[in-house]
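The opening position of the sequence shown corresponds to residue 487 in this note's numbering, with each subsequent residue numbered one higher. All C-beta atoms, glycine included, are put in the ideal place defined by N, C-alpha and C. I have placed the structure first, in the form of structure tokens, so that the comments after it can refer back to it.
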Amino acid sequence: MIKGFIFDLDGVITDTAELHFQAWKNLADQVGWNFDREVNEKLRGVSRMDSINIIRAHNNAEVDQEELIELANKKNAIYVESLNQITPDDYLEGAEGLLKNLRVEGFLVALGSASKNSTKVLQQLQANKYFDVIGDGNSVSKSKPAPDIFLYGAEKLGLKPEQCIVYEDAESGVDAAKAGGFYAVGIGPKERVGHADVRFDTMKEATLFEIKSKFNDLF
Ligand code: B16
Ligand code: MG
Numbered sequence: 487m488i489k490g491f492i493f494d495l496d497g498v499i500t501d502t503a504e505l506h507f508q509a510w511k512n513l514a515d516q517v518g519w520n521f522d523r524e525v526n527e528k529l530r531g532v533s534r535m536d537s538i539n540i541i542r543a544h545n546n547a548e549v550d551q552e553e554l555i556e557l558a559n560k561k562n563a564i565y566v567e568s569l570n571q572i573t574p575d576d577y578l579e580g581a582e583g584l585l586k587n588l589r590v591e592g593f594l595v596a597l598g599s600a601s602k603n604s605t606k607v608l609q610q611l612q613a614n615k616y617f618d619v620i621g622d623g624n625s626v627s628k629s630k631p632a633p634d635i636f637l638y639g640a641e642k643l644g645l646k647p648e649q650c651i652v653y654e655d656a657e658s659g660v661d662a663a664k665a666g667g668f669y670a671v672g673i674g675p676k677e678r679v680g681h682a683d684v685r686f687d688t689m690k691e692a693t694l695f696e697i698k699s700k701f702n703d704l705f
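Below, the structure written as structure tokens:
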């Protein structure tokens, strides 16, 4: 029986990817690194330090750990500042409707994001009321594709993985959900999230009605 839902944040509830891109681009320009949208796509769902390592490797740059942390902090300051522009109009289409329906029907809901800034993003969206548990980059040390963040959410909700459906837009996020024994809903193209149990192109199609019909013996 499905009793809970766990949502990734960026790419599922709202699209912070563009703001991450702008902040990384700003940093890369300052450092003289090459960075474009193709590289940015590799950062989807990936933690901050893993992200900067991907950008560093793309540039064949040798940077010691201390400097790398400093650069990541610099990017984060730019990113956090840009979060002020997010408003309750910035839910991905369908996301807020789904969260409201889950509340009405009494399902338990957790966030399972890699971001250490999820509290600020939820605050800007005024989305806290839709979540019983917040699991984010501050809650666990092993990031996706490790299942830890989703296991954390399920445990705090008092549920087993097989009682939860995870929504994810990243390849590593779907891997994490499956590794933890959760049902996975992929949001995005087949090449990225085709390994989820059920896939939709966008959040607009991923309604509670659709989920119930696709996973019909679990409700
Ligand atoms: P922060 P998600 C992820 O969010 C983003 O997709 C990824 O690009 C970012 O690097 C990561 O959060 C960490 O974010 O720098 O704010 O801690 O999809 O897991 O909600
Ligand atoms: Mg995501």
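Between residue i and residue j, what straight-line distance do the alpha-carbon atoms span, to the nearest angstrom?
i, j, result
"G580", "R523", "25 Å"
"Y616", "P574", "13 Å"
"A640", "A662", "13 Å"
"L597", "F636", "8 Å"
"G659", "I620", "16 Å"
"Q649", "G674", "23 Å"
"F507", "V590", "35 Å"
"D634", "E553", "28 Å"
"G667", "P647", "6 Å"
"G694", "N570", "The question names Gly, but residue 694 in the sequence shown is Leu. If I take the Cα positions, the gap works out to 30 Å."
"S699", "G583", "17 Å"
"W519", "K630", "26 Å"
"G490", "D618", "10 Å"
"N546", "K676", "31 Å"
"D550", "F701", "48 Å"
"G592", "R678", "31 Å"
Nearer than 7 Å: is that true of the beta carbon of residue i relative to any heavy atom of the ligand B16?
i, result
"R530", "yes"
"H506", "yes"
"S601", "yes"
"S452", "The structure shown has nothing for residue 452, since the chain only spans 487 to 705."
"G623", "yes"
"A581", "no"
"S568", "no"
"A563", "no"
"A514", "no"
Which same chain residues, not among the five before or five after residue i, have their C-beta less than 6 Å away from its C-beta?
i, result
"S568", "L505"
"N614", "L608"
How about residue i and residue j: are their beta carbons less than 8 Å apart?
i, j, result
"V652", "Y669", "yes"
"D494", "S599", "yes"
"L611", "T500", "yes"
"K561", "L513", "yes"
"A509", "I564", "yes"
"L704", "I492", "no"
"G531", "A656", "yes"
"M689", "L588", "no"
Judging by CA-CA distance, which residue of the options is the nearest neighbour of residue i?
i, options, result
"L594", "N624, K560, G644", "G644"
"D622", "D496, K489, L588", "D496"
"G680", "L694, K664, D634", "K664"
"E737", "V517, S533, E527", "What is shown of the chain runs 487 to 705, which leaves residue 737 out entirely."
"I572", "P647, L588, S604, Q551", "S604"
"E527", "E582, N546, T502, S629", "T502"
"K602", "E582, S625, D618", "S625"
"V566", "K606, G583, N546", "K606"
"V498", "D550, G490, D576", "D576"
Taking 8 Å as the limit between beta carbons, can you name the residues of its chain near residue i, skipping five residues before and five after?
i, result
"V525", "I540, I541, H544"
"V671", "I651, V652, Y653, E654, A682, D683, V684, R685, F686, A692, I697"
Does the ligand MG have a heavy atom nearer than 7 Å to the CB of residue i?
i, result
"G659", "yes"
"V619", "no"
"D496", "yes"
"D703", "no"
"A656", "yes"
Among residues of its own chain, excluding the 5 on either side of residue i, which ones have a beta-carbon nearer than 7 Å to its beta-carbon?
i, result
"A558", "R534, M535, I538"
"A521", "Looking at the sequence provided, one finds Phe at residue 521 rather than Ala. Around F521: W510, K511, A514, I541."
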